[in-house]
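S.K.: In my numbering, the protein residues as written are 603 to 685.
Just so it is clear, CB atoms sit at the ideal spot from N, CA and C, and this is done for glycine as well.
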Amino acid sequence: MDRMHLKDVEDHESDGHYGRMIRMAREVGSPVPQIWHLFAYKPRLGEALSRFTHEVMRGPSPLSPGLRELIAAYTSRGNECLF
Numbered sequence: 603m604d605r606m607h608l609k610d611v612e613d614h615e616s617d618g619h620y621g622r623m624i625r626m627a628r629e630v631g632s633p634v635p636q637i638w639h640l641f642a643y644k645p646r647l648g649e650a651l652s653r654f655t656h657e658v659m660r661g662p663s664p665l666s667p668g669l670r671e672l673i674a675a676y677t678s679r680g681n682e683c684l685f
């Protein structure tokens, strides 16, 4: 995966939840979703964004959660990013 345009964000070392997830993914050679770097860099922002995303994807809606996941996956693929 290409490096982010925000080198300081990607290189930031965090002891928080997302920092640990980044280290574990790297240890096993898995690609790291770039959004994890932002969550690790700004944990409070990451928590708020995570809650927002969960509500959008799982909260009440005329669209099923599965259809919302499919839309997100299709959009991510079109943007060439990991979903």
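Please classify D610: does DSSP put it in a helix, a strand, or coil?
M.R.: Helix.
S.K.: For P662, name the three-state secondary structure that DSSP assigns.
M.R.: coil
S.K.: Do you know whose CA, among F641, S632, A650, D617, lies nearest V611's CA?
M.R.: F641
S.K.: Kindly indicate which three-state DSSP category G618 falls into: helix, strand or coil?
M.R.: coil
S.K.: Which class does E682 belong to by DSSP, given the choice of helix, strand or coil?
M.R.: coil
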